[in-house]
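Note sheet for the following structure.
Numbering (the numbering used here), first residue to last: 3 to 540.
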């Protein structure tokens, strides 16, 4: 789709009677327009959202890149790993340059990782990544200097990273945008903190350059001709419209004003599945119920038997395949399929098996064991959720009916505006609320990490010494089979023993577009569309 980018161009077109779209086509430009939510964060160390990460993947190139089926070396040509996987030495590409022509060097990676753990910068989310680096946590806590981080440039094209603990899957972690290189002169000379949105200061090394940026409306990118593999990039120009309202973005798609969107009103699912726009791929994510596990004010949800009763009474197959129109995969545990198991050829979920199934009779017995036979004496509980999703309405109306029918308990529904829901969840002032977590990297440890005591996602305030010990021990274990055994132990504690959360389903990554408009659209292993290969057919 083409957009009039300046009044002068519009006047020229009127004078010459030549449509701008035709002019683009005549020039052979491959231009694609997409839409996403407003204000994606383009600072690699402040972004915590999927839309920001999606754009950053195209603006920067790190040591590794995500592919359709996994990941591969990108900014490095090779890597040497010592026997206990604590020292990773990368040999960088010598043909990689920033979009102003300066070479990408090991010093750029060192600066970026030092900034990652800098206590004046490090967010709670980012500290979860800095902790992998030697002295990273101590630096973020302010007890060591940034210069003591275990990252150093051996020479311009040799980068040595020393880890706090052995980590055989560190290559997977390095795919995340947190570890992309940054140019110190661009970041530090800005002084305003707005360098990432300023096209004159945002110097990047990926295959797209940002050429204009209106944080509230639109960002425009063009192909980076200095990219070392520019000839392989099909995309010439990317226009990103920033729109929160999914009804609006769907309308723009169907009227031809945008080419591709990844979010849509869930009530339109059935129609879109039949329209030819709907393209889906399994995503490494889990949607679950956060439960307030705090033992305060007679909270019945503090009892694991109550939580187990709620979980076992849910028919996830009916919920996903009938009510949600087969757009989700019913959960049989917390970690879904797609994560490596004890070997590169095995799957974590397949090895771990199913951890629960619908069992109403057992659910009723567990509720009775907790002191509420047939729901007698059980206080009213409230399910709080965002009112912006029709899926949530469907899910919680189903849960309300199911729990009242199967367990005899009364459930109150509380749909809220997004801001109010976020505030309630962050304050831990809820009974039950939905949450989702998509893997930042392809390892089951990332999915489980959010339930470690004190993690900011862990809004239900779950805390288990057994879970923490198994998880933390896994971080120090080199042997893959032994590490997986510890992660299975942690997951069993979380789900089987404590039922600290109630997994519902695993979502699909969805891209809406017409095959008559776009070709070569691939959804990567992390659920994000790979933009560089897309070809606009019209």
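Using N, Cα and C, we set each Cβ at its ideal position, and we do this for glycine too. The structure displayed is predicted, hence computed values, not measured ones.
Exercise. Within 10 angstroms of its Cβ, does residue 436 collect 16 or more other Cβ (buried), or is it exposed?
Worked result: By the beta-carbon neighbour count (other beta carbons within 10 angstroms, threshold 16), residue 436 is buried.
Exercise. Is the segment 417 to 434 close to the segment 289 to 296, with three or more CB pairs under 8 Å?
Worked result: yes
Exercise. Residue 445: which of 539, 63 and 344 sits nearest, CA to CA?
Worked result: 344
Exercise. Is the CB-CB distance between residue 65 and residue 57 below 8 Å?
Worked result: no
Exercise. Quick one: any contact between the segment 466 to 476 and the segment 248 to 260, if contact means 3 or more CB pairs under 8 Å?
Worked result: no
For this session: Mind listing, in chain order, the continuous alpha helix (DSSP H) runs of no fewer than 4 residues lying wholly within the segment 258 to 338?
Result: 271 to 275 and 306 to 314
For this session: Compute the beta-carbon to beta-carbon distance between residue 168 and residue 91, rounded to the nearest angstrom, for a pair I have assumed lies under 8 Å.
Result: No, residue 168 and residue 91 are not in contact; Cβ-Cβ is about 15 Å, not under 8 Å.
For this session: Spell out a yes or no on whether the segment 378 to 395 and the segment 412 to 422 are touching, meaning 3 or more CB-CB pairs, one atom from each, closer than 8 Å.
Result: yes
Problem set entry | Beta-carbon proximity list for residue 534, same chain, < 8 Å, skipping 5 on both sides | Around residue 534: 60, 209, 210, 234, 235, 236 and 237.
Exercise. Between the segment 163 to 183 and the segment 73 to 80, do three or more beta carbon pairs fall short of 8 Å?
Worked result: yes
Exercise. What residue range is occupied by the uninterrupted beta strand (DSSP E) comprising residue 440?
Worked result: 434 to 440
For this session: Determine the contact status of residue 369 and residue 311, defining contact as a CB-CB distance below 8 Å.
Result: yes
For this session: Could you work out which residue in 426, 31, 205 and 69 is closest to residue 177 when comparing CA atoms only?
Result: 69
Exercise. Got a sec, what are the start and stop residues for the beta strand (DSSP E) residue 162 sits in?
Worked result: 160 to 164
Exercise. Between the beta-carbon of residue 271 and the beta-carbon of residue 37, is there less than 8 Å?
Worked result: no
Exercise. Quick one: complete alpha helix (DSSP H) runs, 4+ long, within the segment 356 to 394?
Worked result: 362 to 371
For this session: Taking residue 439 and residue 287 to be in contact with their CB atoms under 8 Å, please state how far apart those CB atoms are, rounded to whole angstroms.
Result: 6 Å
For this session: State the Cα-Cα distance for the pair residue 404 and residue 300, rounded to the nearest angstrom.
Result: Across the structure, residue 404 and residue 300 are spaced so that their CA atoms are roughly 23 Å apart.
Exercise. Does the distance from the C-beta atom of residue 500 to that of residue 461 stay below 8 Å?
Worked result: Not a contact, by the Cβ cut-off of 8 Å.
For this session: Identify whether residue 522 lies in helix, strand or coil by the three-state DSSP scheme.
Result: coil
For this session: Under 8 Å by Cβ, that's how I've got residue 262 and residue 520 pegged, so tell me the actual separation to the nearest angstrom.
Result: 6 Å
Exercise. In angstroms, rounded to a whole number, what distance separates the CA positions of residue 108 and residue 114?
Worked result: 10 Å
Exercise. Between residue 512 and residue 281, which are expected to be in contact by the criterion C-beta below 8 Å, what is the C-beta distance as a whole number of angstroms?
Worked result: 7 Å
Problem set entry | Residue from 528, 532 and 514 with nearest C-alpha to residue 545 | As displayed, the chain neither begins before 3 nor continues past 540, which places residue 545 out of reach and without an answer.
Problem set entry | Whether residue 457 touches residue 465 by CB criterion (8 Å) | no
For this session: Determine the extent of the alpha helix (DSSP H) in which residue 188 is found, giving its start and end residues.
Result: 186 to 192
Problem set entry | DSSP bridge partner residues for residue 36 (one or two, in chain order) | In DSSP, residue 36 forms a bridge with 242 and 262.
Exercise. With a cut-off of 8 Å, do at least 3 Cβ pairs link the segment 295 to 309 to the segment 320 to 328?
Worked result: no
Exercise. Exposed or buried, what is residue 273 when buried is set at 16 or more other beta-carbons lying within 10 Å of its beta-carbon?
Worked result: exposed
Problem set entry | Distance, residue 97 Cα to residue 230 Cα | 6 Å
Problem set entry | Euclidean distance between Cα positions of residue 364 and residue 409 | 11 Å
Exercise. Exposed or buried, residue 525, counting other C-beta atoms within 10 Å across all chains shown (16 or more means buried)?
Worked result: buried
Problem set entry | Start-to-end residues for the alpha helix (DSSP H) that takes in residue 93 | Looking at the DSSP string, residue 93 is not in any alpha helix (DSSP H); the run it does join, the beta strand (DSSP E), is 89 to 94.
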